[in-house]
Amino acid sequence: EAQVTQNPRYLITVTGKKLTVTCSQNMNHEYMSWYRQDPGLGLRQIYYSSNVELVDKGDIPEGYNVSRKEKTTFPLILESPSPSQTSLYFCASSYPQCCTASCSLHKNRG
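Using our numbering, the letters of the sequence shown map in sequence onto residues 18 to 127.
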């Protein structure tokens, strides 16, 4: 069964205490991404990764960090969490989108 999971699923923490939320997937996808959703706003990308050790900033990377040591996991790290980071977080994974003649990874800024 294909799965994308976040661990822990729910989290309450102390301001300033480092925390990590790990995204895991069992489909061997190259592409993994972290998003947050705040009331009245759509999903905003925090960071994304196109493969192991290949990470890039999304729209709102400030206050976050990531690492990608394994293909199946993508931890989101909050070094010093603040109340402004209280939100709903989502992770996702996929294969790169392929064009007709070549395959390339594109970030949708639409």
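No residue lacks a Cβ here, since even glycine has one placed at the ideal position from N, Cα and C.
Can you list, in chain order, the residues of its chain whose CB lies under 7 Å from that of residue i, leaving out five sequence neighbours each side?
i	result
GLY127	Residue placement at GLY127 cannot be trusted, given a pLDDT of 46 that sits under 50; the coordinates are not used to answer.
THR32	PRO98, SER99 and PRO100
Excluding five sequence neighbours on each side, which residues of the same chain lie with their C-beta closer than 8 Å to the C-beta of residue i?
i	result
THR37	PRO92, LEU93, ILE94 and LEU95
Please report the distance separating the alpha-carbon of residue i from that of residue j.
i	j	result
ASN45	ARG85	13 Å
PRO25	TYR106	11 Å
THR22	TYR64	17 Å
ALA19	LYS88	15 Å
GLN54	ASN68	24 Å
Residue i: which of the options sits nearest, CA to CA?
i	options	result
TYR81	GLN102, LEU58 and SER41	GLN102
THR30	SER104, GLY75, TYR112 and LYS74	SER104
GLU70	LYS35, PRO113, SER111 and THR90	THR90
Do residue j and residue i have their beta-carbon atoms positioned less than 9 Å apart in this structure?
i	j	result
ALA109	SER66	no
TYR48	ARG61	no
The beta strand (DSSP E) spanning residue i covers which residue range?
i	result
THR22	21–24
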